[in-house]
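Have a look at the structure below, then the notes.
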Amino acid sequence: MISQEKINAFKKLANSGKIYDSVDEEFLTCQHQMVQQVFEFNQTPETPAGLKKRDEILKKAMGTYGEGLYVIPPINANSGLTNVHVGKNVVINFNCNFVDDGDVYIGDDTMIGPNCTFATAIHPISPKLRRHKLQYNKPIHIGKNVWFGGNATVLPGVTIGDNSIIGAGSVVTKDIPANVIAVGNPARVLREITERDDKFYDGDKPIPQEILDKYM
Numbered sequence: 432m433i434s435q436e437k438i439n440a441f442k443k444l445a446n447s448g449k450i451y452d453s454v455d456e457e458f459l460t461c462q463h464q465m466v467q468q469v470f471e472f473n474q475t476p477e478t479p480a481g482l483k484k485r486d487e488i489l490k491k492a493m494g495t496y497g498e499g500l501y502v503i504p505p506i507n508a509n510s511g512l513t514n515v516h517v518g519k520n521v522v523i524n525f526n527c528n529f530v531d532d533g534d535v536y537i538g539d540d541t542m543i544g545p546n547c548t549f550a551t552a553i554h555p556i557s558p559k560l561r562r563h564k565l566q567y568n569k570p571i572h573i574g575k576n577v578w579f580g581g582n583a584t585v586l587p588g589v590t591i592g593d594n595s596i597i598g599a600g601s602v603v604t605k606d607i608p609a610n611v612i613a614v615g616n617p618a619r620v621l622r623e624i625t626e627r628d629d630k631f632y633d634g635d636k637p638i639p640q641e642i643l644d645k646y647m
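Counted the way my numbering counts, the sequence shown spans residues 432 to 647.
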């Protein structure tokens, strides 16, 4: 059993931006120990007791746990979610993948569709160095109220602004500003989100007044 002090030391190194040996024996032992909580989470049943157990596991495993978090298993995280920090009322759909060697920050009210990936790890371009599994990490920052369509991928070092939408299947390689829709591989801004979007949905369909009165 690796001590918490040792785990914290490896977390500090992994989040330093410095290059390191990702297959160091002690480092891998730390990762294997942290991943056990994710394995346990994925085995929980879809029952009231199982849902309660999921919350208990996430509160213990995550770097930061926001109230109202809802995660549908399975979830994958090679550092056991210890570097994942979520705000309030976040929804994470099934098969979400966190390459969370570095920090991943997710703002309040964000919705993540199925099969999304958030990858913080980078390997050297040099084949001579890469063959030794050397690695460094860059954090990912997701703003508040962001919506990810299914199968979206966010690469290391990316920041996405508040309220933006990332289209299904997009690969986000560079920063995306707030209040836009971005799609594609690599993801590019398609258009801004405007006040018109508060009144219409699915193109030109007006949002019923009773919906506006209740939620706006």
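We treat Cβ as the ideally placed atom computed from N, Cα and C, and that holds for glycine.
{"Query": "Per-residue DSSP class, three states only, for Met493", "Result": "coil"}
{"Query": "Gln566 (DSSP reduced to helix, strand or coil)", "Result": "strand"}
{"Query": "Extent of the continuous alpha helix (DSSP H) to which Cys461 belongs", "Result": "Glu456 to Asn473"}
{"Query": "Buried/exposed call for Asp644, threshold 16 Cβ in 10 Å", "Result": "exposed"}
{"Query": "Buried versus exposed, by CB contacts within 10 Å (16 or more), Ala480", "Result": "exposed"}
{"Query": "Buried or exposed by the 16-neighbour rule on C-beta atoms within 10 Å, applied to Asn616", "Result": "exposed"}
{"Query": "Beta-bridge pairing of Thr584 - partner residues as DSSP gives them", "Result": "Thr548 and Val602"}
{"Query": "The beta strand (DSSP E) enclosing Arg622, as first and last residue numbers", "Result": "Arg619 to Glu623"}
{"Query": "Sufficient close CB pairs (3 or more, under 8 Å) joining the segment 592-602 to the segment 468-476", "Result": "no"}
{"Query": "Given Ala618 as reference, the closest of Val585, Thr625 and Asn528 once Cα atoms are compared", "Result": "Val585"}
{"Query": "C-alpha gap between Gly633 and Arg627, whole angstroms", "Result": "Just to set this straight, residue 633 is Asp in the shown sequence, not Gly. Roughly 12 Å between the two C-alpha positions."}
{"Query": "Whole-angstrom C-beta distance between Thr513 and Gly494, which should lie under 8 Å", "Result": "6 Å"}
{"Query": "Status (buried if at least 16 other CB within 10 Å, exposed otherwise) for Ser510", "Result": "buried"}
{"Query": "Reduced DSSP category for Pro479 - H, G, I as helix; E, B as strand; rest coil", "Result": "helix"}
{"Query": "Counted within 10 angstroms of its Cβ, other Cβ atoms place Leu560 as buried (16 or more) or exposed", "Result": "exposed"}
{"Query": "C-alpha distance - Asp534 paired with Lys519, whole-angstrom precision", "Result": "17 Å"}
{"Query": "Phe525 and Pro504 closer than 8 Å at C-beta", "Result": "yes"}
{"Query": "CA-to-CA distance, Gly588 to Val603, given in whole angstroms", "Result": "10 Å"}
{"Query": "CB contact flag (Ile488, Gln468, <8 Å)", "Result": "yes"}
{"Query": "Spatial neighbours of Thr548 in its chain, beta-carbon cut-off 6 Å, leaving aside the 5 residues before and after", "Result": "Asn528 and Thr584"}
{"Query": "Pairwise C-alpha distance: Glu436 and Lys491", "Result": "16 Å"}
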